[in-house]
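Shown next, in structure tokens, is the structure this report addresses.
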Amino acid sequence: MEVKARVVGQVLHIIRQFMLNRRTVLVSVFCVILLVLWQSTFLLTDIDSTHFLKASRFDTGAKNMKSKPHIVFILADDYGWNDIGYHGSFIQTPNLDRLASEGVKLENYYVQPICSPSREQLMTGRYQIRYGLQHSVITDDRPHGLPLDEVTLPQKLKDNDYSTYLVGKWHLGFFRKEYLPSRRGFDKFYGFLTGGEDYWSHRRPNMYSQDASEYHGLDLRDQDNPVLDQNGTYSTHLFARKATEIISQHDQDKPMFLYLSFQAVHAPLQAPDKYVERYRNLKNTAVQKYSAMVTAMDEAVGNVTIALRDNGLWDNTVLIFSTDNGARRSAGSNWPLRGWKNTLWEGGIRGVCFVTSELLEKKGTTSEALIHISDWFPTLVRLARGSTQDTKPLDGFDVWNSIRYNSYPSFC
Ligand SMILES: *[C@@H]1O[C@H](CO)[C@@H](O)[C@H](O)[C@H]1NC(C)=O
Ligand SMILES: *[C@@H]1O[C@H](CO)[C@@H](O)[C@H](O)[C@H]1NC(C)=O
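Once you know that position 293 of the sequence shown is 293 in full-length UniProt numbering, the rest is easy, because the numbers rise by one and skip nothing.
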């Protein structure tokens, strides 16, 4: 106490001495005027700087606060809990393992047990029971889709200056043009609209026919137009190539939202021989093929991250890798979780997920926080410095701080 008082006394004494000197006072006043002038021009000429001051309260961790982070959301289809190297799988997933080990693994992450409902929640931040899509996936022949009055994630990101791209599977309705991804917030769409199809011909069999060859409809589109010249290109390679093209053509001054929604590793079990070769020692041919599909997808993710680095986007990117539901019974594994895709057991609804980004504070960690696929909508809209005030009531929560600091979301 005494020491403190003495220090304060000394400081006051110096200030008094200083102020007594008239010349010093004049110089100080002059300096203050200069400072005020400089501040006001700074505020007038650079509107972003006021934005900066306001935004700093919501500091996302972006190094340059003027640039919003790029968001790359990679969704795997029917990918099992145990089918990734870091959960102990024999399947080779070196790229996913490396990315996860540099990021935060979300080990208490939940999704819906089937495809369309998970995708709907990702797109809206709202449970599908709110808009009547809780029963099943969106089948090809039914006139329904994600209701048009729902605000989608790409729409919100677009409102906040993002370029928005969907490569791969949509599966949220196509019975009228208004339901197509190009009308739901995506600047660019390259992919397919239904639930699954042949990986090479991109044709979908008639689900109601006994004879699978009876009717095959092509389901591969560039914007709204059919793509006729990719028969024979394996979809994992095709979508990886499209994603890397988009990344290399993207205008670097704009923030990017890339939703890369793989067909892999949904049925049918199809993979190029090159990848199947690696699993020749396995007895079960279904498991051989499934493993090969996973390894091809892993390579595709590796290629996309290389493109992000090569094009200078990586340091300001938030990459999220997630499955849409657990593995189905035929070939994948959800061990040690019980159940499969289509079930409400953990094996159906607890999903593989990790986040990798230079913007994370606790890299290389595992998070036990309870996080749900519906949380991405508010989380990513806020990362884009947007507002969720004008949406319908959300079920998801902003979990960015929980992920970034790897702490429980006590201060969301
Ligand atoms: C796609 O390619 C396969 C293999 O070359 C061929 O058998 C098939 O007829 C082609 N399908 C179409 C619609 O061109
Ligand atoms: C990844 O890129 C390499 C090199 O361009 C290419 O040979 C390979 O087919 C790509 N893999 C996938 C899955 O797209």
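For glycine and all other residues, C-beta sits at the position ideal for the given N, C-alpha and C.
Asked, Found
"Under a Cβ-count criterion, where at least 16 other Cβ atoms within 10 Å of its own Cβ denotes burial, should R404 be classed as buried or exposed?", "buried"
"Can you look up R309 in the DSSP assignment and give me helix, strand or coil?", "helix"
"Would the beta-carbon of N231 be found less than 7 angstroms away from any heavy atom of ligand 1?", "yes"
"Report yes if the C-beta of S367 is less than 7 angstroms from at least one heavy atom of ligand 1; otherwise report no.", "no"
"At a cut-off of 7 angstroms, would you count S235 as near ligand 1, judging by its Cβ distance to the nearest heavy atom?", "no"
"Whole angstroms is fine: what's the gap from M65's alpha carbon to S330's?", "Confidence is the limiting factor: at M65 the pLDDT is only 48, short of 50, which leaves the residue's position unreliable, though a coordinate-based value still follows. Approximately 47 angstroms between the Cα atoms of the pair."
"Any idea what DSSP makes of L43, helix, strand or coil?", "Note that L43 scores 41 on pLDDT, short of 50, meaning its location in the model is unreliable; the coordinates nonetheless yield the value given after this. Reduced to three states, the DSSP call for L43 is helix."
"Among residues of its own chain, excluding the 5 on either side of S248, which ones have a beta-carbon nearer than 8 angstroms to its beta-carbon?", "A307, D310 and N311"
"Taking 7 angstroms as the cut-off, does the CB of S201 come closer than this to any heavy atom belonging to ligand 1?", "yes"
"Around the C-beta of E245, are 16 or more other C-beta atoms found within 10 angstroms, so that it is buried, or is it exposed?", "exposed"
"Short check: CB of F354 to CB of V104, under 8 angstroms?", "yes"
"Counting pairs of beta carbons, one from the region 332–351 and one from the region 77–87, are three or more of them closer than 8 angstroms?", "yes"
"Just checking, does the region 156–169 make contact with the region 258–267 on the three C-beta pairs under 8 angstroms criterion?", "yes"
"With a threshold of 16 other CB atoms inside 10 Å of the CB of R142, please say whether the residue is buried or exposed.", "exposed"
"Considering only heavy atoms of ligand 2, does any lie closer than 7 angstroms to the CB of E299?", "yes"
"Mark F189 as exposed unless 16 or more other C-beta atoms lie within 10 angstroms of its C-beta, in which case mark it buried.", "buried"
"Name the one or two DSSP bridge partners that Y110 has.", "R350 and H372"
"Thinking C-alpha only, which one of P378, Y162 and F397 is nearest H70?", "Y162"
"So Y275 is in the alpha helix (DSSP H); what residue range does that whole segment cover?", "D273 to V276"
"Expressed to the nearest angstrom, what Euclidean distance is found between the alpha-carbon atoms of E178 and N281?", "49 angstroms"
"Could you check if N303 belongs to the surroundings of ligand 2, using beta carbon to heavy atom distance under 7 angstroms?", "yes"
"Quick check: the region 389–401 against the region 120–131, are there 3 or more CB pairs under 8 angstroms?", "yes"
"Answer yes if the region 97–114 comes into contact with the region 358–371, meaning at least three C-beta pairs across the two stretches below 8 angstroms, and no otherwise.", "yes"
"For I91 versus T295, is the C-beta spacing smaller than 8 angstroms?", "yes"
"Where does I71 fall in DSSP's three states?", "strand"
"Determine the burial state of E277: buried for a count of at least 16 other Cβ atoms within 10 Å of its Cβ, exposed for fewer.", "exposed"
"Can you look up D222 in the DSSP assignment and give me helix, strand or coil?", "strand"
"Run through DSSP, which three-state label would D395 get?", "coil"
"Quick one: is K68 buried, meaning 16 or more other Cβ sit within 10 Å of its Cβ, or exposed?", "buried"
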